[in-house]
């Protein structure tokens, strides 16, 4: 094969892979988010992107063969992008497995053996931790904006930081789910009853949180619990730091996590998240501390042991947070 034939064959291979990727993306746009089909197609797309980038790199490395310094820089960037695609592929595989596990648990929802159902949910909650893609969550974001309002400062629209009472532009915050989005609306319905239907992507299940705080909240290193009387009509809330050794001196919002400990949240309106979802989040945090999934995640629970009685009393209520079983 002469050089020109090789170049033509390479070009055809790139075009074929690009057409296949375009077709796969069209199928992805029609797939239901967070289903096995969705994550399977995502993996196909990432595989095709790998093929395209490998072919392009092969062609580019040949043209840069006489420019060692530029070639080395280009190679590092090529490998960096390849590593990023592999991370995304592994994430898609994990999400596909998570969906299957969640579907298995939800299939038990009609069982008469409530102990079996509770055990299955507990295992699901402990295994499904971490981020989930928040694409297509515009309705969720708009619900939070409507509930907690905004303030015009100069020519900028700003939103309240409930940790400090300060006002910041939207990009300062993450729209955080309290009952994790990864568990799905059906799991929420099973746990809290019919009143919870449709609330997973509403302000009743969300807050705008500064990104550095949201990361700790997402990892169950901080929780939000009642502050003061639980019988008052307008419930107040406070931050409780669970991971004192790891976070006490870490900066957040111009102060430290240690200074946020037991600090009352400042809401700009009378809207509040539902108590039941914050209570559930608290339970998940306690589970994650006492039942670590990996040995390296184990922590000294002595401080938490001392806090448990006070934290438990904070949730005193005449009602029920979860559906009767």
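In the UniProt record's numbering, the protein residues as written are 1 to 325. In this text, a Cβ means the ideal position worked out from N, Cα and C, and glycines have one as well.
Paired residues, beta bridge with residue i - DSSP
i, result
"residue 162", "Answer by DSSP bridge pairing: none, since residue 162 is not bridged."
"residue 342", "No answer is possible for residue 342: it lies beyond the span of the chain, which begins at 1 and ends at 325."
"residue 27", "The partner list for residue 27 (beta bridge, DSSP) is empty, contrary to what the question assumes."
"residue 177", "206"
"residue 240", "223"
"residue 251", "256"
"residue 11", "BP columns for residue 11 are empty, so no partner."
"residue 57", "BP columns for residue 57 are empty, so no partner."
"residue 264", "238"
"residue 168", "159"
Proximity winner among the options, relative to residue i (alpha-carbon distances)
i, options, result
"residue 150", "282, 92 and 268", "268"
"residue 217", "282, 272 and 166", "282"
"residue 199", "184, 17, 209 and 252", "184"
"residue 250", "212, 13, 188 and 145", "212"
"residue 91", "46, 53, 66 and 67", "46"
"residue 221", "187, 162, 195 and 284", "284"
"residue 219", "177, 155 and 161", "177"
"residue 94", "278, 82 and 43", "43"
"residue 335", "196, 100, 73 and 290", "This structure leaves residue 335 out entirely; the chain is present only between 1 and 325."
"residue 224", "280, 186 and 248", "280"
"residue 14", "53, 190, 84 and 66", "53"
"residue 82", "248, 9 and 57", "57"
"residue 89", "41, 66 and 68", "41"
"residue 100", "188, 9, 30 and 39", "39"
"residue 182", "73, 33 and 70", "33"
"residue 188", "262, 247, 278 and 171", "278"
8 Å contact criterion, which residue i and residue j should meet: CB distance rounded
i, j, result
"residue 264", "residue 238", "5 Å"
"residue 147", "residue 271", "4 Å"
"residue 214", "residue 227", "In fact, because the Cβ distance is near 20 Å, the residues do not count as touching under 8 Å."
"residue 36", "residue 96", "5 Å"
Distance CB(residue i)-CB(residue j) smaller than 8 Å
i, j, result
"residue 59", "residue 192", "no"
"residue 20", "residue 55", "no"
"residue 266", "residue 164", "yes"
"residue 63", "residue 17", "no"
"residue 209", "residue 179", "no"
"residue 153", "residue 167", "yes"
"residue 186", "residue 169", "no"
"residue 161", "residue 253", "yes"
I want to know whether the region 247-260 touches the region 188-206 - three or more CB-CB distances under 8 Å. no
How about the region 70-86 and the region 25-41: do they share at least three Cβ pairs that are nearer than 8 Å? no
Quick check: the region 240-249 against the region 138-148, are at least 3 beta-carbon pairs closer than 8 Å? no
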